[in-house]
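According to my numbering, the residues represented by the sequence shown are 651 to 843, in order. Here a beta-carbon is modelled for each residue, glycine too, at the ideal position from N, C-alpha and C. For clarity, every value in this text was computed on a predicted model and none was experimentally measured. Okay, so here's the structure we're looking at.
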Amino acid sequence: MSIDNTKESILGVANKLFSRFGFHKTTMDEIAKIARKAKGSLYYHFASKEDLFREVVSIEMANLKNQLSFIVNNPDLNSSEKVKKYLVKRMEILNSAANYHETLKADFFEHFHFIDDLRIELDAWEKENLKKLILQGVETGEFAIIGDIDVLLDIFIMVIKGLEIPFFLQNKYTKYSPHFDGLIGILTKGLSL
């Protein structure tokens with residue numbers, strides 16, 4: 651098996667185990683055993699369990715950005731439709747990103763800073779893309795901005811991130827997902843002319 655295939659195999663097993671048991675309860679020994687790899691092979695590719703987990707979460711974030719990019723760059727949608735589809739798709743994807751959920755837990759958030767750069771990078775990416783959508787909407791006359799767009803985007807992102815803990819850690823996603831259109835309408839109504 652090639653080095654790339656070995657790494658992919660380790661990542662696949664790690665993703666499943668981290669998703670099922672969480673970061674704390676998953677061991678490198680278990681990952682090696684289920685992946686049918688020597689423990690040394692894991693450490694060849696990843697210096698620590700933290701590095702492996704970080705890579706697994708990074709893959710989830712890359713998937714999120716990839717799918718949201720299709721919406722942001724879709725020429726067939728107007729800005730209002732893009733913002734609505736973006737927010738719905740974002741929550742849908744994050745609902746299935748079990749390892750991302752782990753990073754939302756208070757003990758993880760407070761004690762494991764090796765994932766902070768991924769969070770910061772995702773926040774910056776979202777701000778840049780939401781800004782792009784809103785400015786497109788301003789240009790087409792769909793939206794009007796009152797105030798500093800960067801400050802407003804920071805608050806907007808805080809609001810949507812504030813939904814993550816109840817939706818994903820308190821398992822309220824299924825209950826409330828049918829009502830996303832109404833919620834998104836409230837969030838975007840302030841942008842509309």
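query, result
"Stretch-stretch touch, CB-based, cutoff 8 Å, three pairs: the region 735 to 748 with the region 791 to 807", "no"
"DSSP-derived helix/strand/coil call for residue 830", "helix"
"C-alpha distance - residue 811 paired with residue 703, whole-angstrom precision", "21 Å"
"Residue 747 burial status per 10 Å Cβ neighbour count (16 or more: buried)", "buried"
"Reduced DSSP category for residue 793 - H, G, I as helix; E, B as strand; rest coil", "strand"
"9 Å Cβ cutoff met for residue 665 and residue 716", "no"
"Under 9 Å between C-beta atoms of residue 707 and residue 765", "yes"
"Within 9 Å, strictly: CB atoms of residue 752 and residue 673", "yes"
"Touch test, the region 670 to 688 against the region 716 to 731, Cβ-Cβ under 8 Å, three pairs minimum", "no"
"Under the three-state DSSP convention, the category residue 748 falls into", "helix"
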